[in-house]
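Take 62 as the starting number for the sequence shown in my numbering and just add one per residue.
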Amino acid sequence: MRIDKFLKVARVLKRRTVAKELADHQRIVINGKTAKPSTEIKENDIVEVIFGHRKLTIKILTIAAHPSKKDAGMLYEVLDESFINTPSE
């Protein structure tokens, strides 16, 4: 499954277009490598997503095309969530 679609169906991000924009701006990293929106993911991949002032690191547990809202959180495990301070201008 593509990373942009996974982030949407797993409800990490609300829209696939947001995931695409983050990947286009090199703000999604899979196993230490910058990802494109079409990058395929697999189980046990480590994904880092930087959006806003937040960095989320997750591990892919399973991949499902159409999980229910209740089951969406079971697709991944949050390894780390941190806030990034940007230098003041």
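Every residue, glycine too, gets a C-beta built ideally from N, C-alpha and C.
Run of the alpha helix (DSSP H) containing residue i, from where it starts to where it stops
| i | result |
| --- | --- |
| residue 69 | 64-70 |
| residue 88 | Residue 88 -> no alpha helix (DSSP H), and no H or E assigned at all. |
Nearest residue (CA-CA) to residue i, options the options
| i | options | result |
| --- | --- | --- |
| residue 105 | 78, 82, 72 and 140 | 140 |
| residue 103 | 97, 94, 122 and 87 | 122 |
| residue 84 | 127, 96 and 92 | 96 |
| residue 78 | 99, 94, 127 and 128 | 99 |
| residue 113 | 66, 131, 86 and 62 | 86 |
CB of residue i within 8 Å of CB of residue j, strictly
| i | j | result |
| --- | --- | --- |
| residue 138 | residue 119 | yes |
| residue 125 | residue 117 | no |
Own chain residues within Cβ distance below 6 Å of residue i, not counting five before or after
| i | result |
| --- | --- |
| residue 150 | For residue 150, the predicted model reports a pLDDT of 48, less than 50, meaning its position is unreliable and no value from the coordinates is stated. |
| residue 74 | 68 and 80 |
| residue 133 | 71 and 72 |
Boundaries (first-last residue) of the beta strand (DSSP E) holding residue i
| i | result |
| --- | --- |
| residue 116 | 115-121 |
| residue 111 | 107-112 |
| residue 141 | 137-144 |
Spatial neighbours of residue i in its chain, beta-carbon cut-off 8 Å, leaving aside the 5 residues before and after
| i | result |
| --- | --- |
| residue 115 | 142, 143, 144 and 145 |
Integer-rounded CB distance, given that residue j should sit under 8 Å from residue i
| i | j | result |
| --- | --- | --- |
| residue 64 | residue 88 | About 11 Å separates the two Cβ atoms, so there is no contact after all. |
| residue 128 | residue 70 | 6 Å |
| residue 101 | residue 62 | 7 Å |
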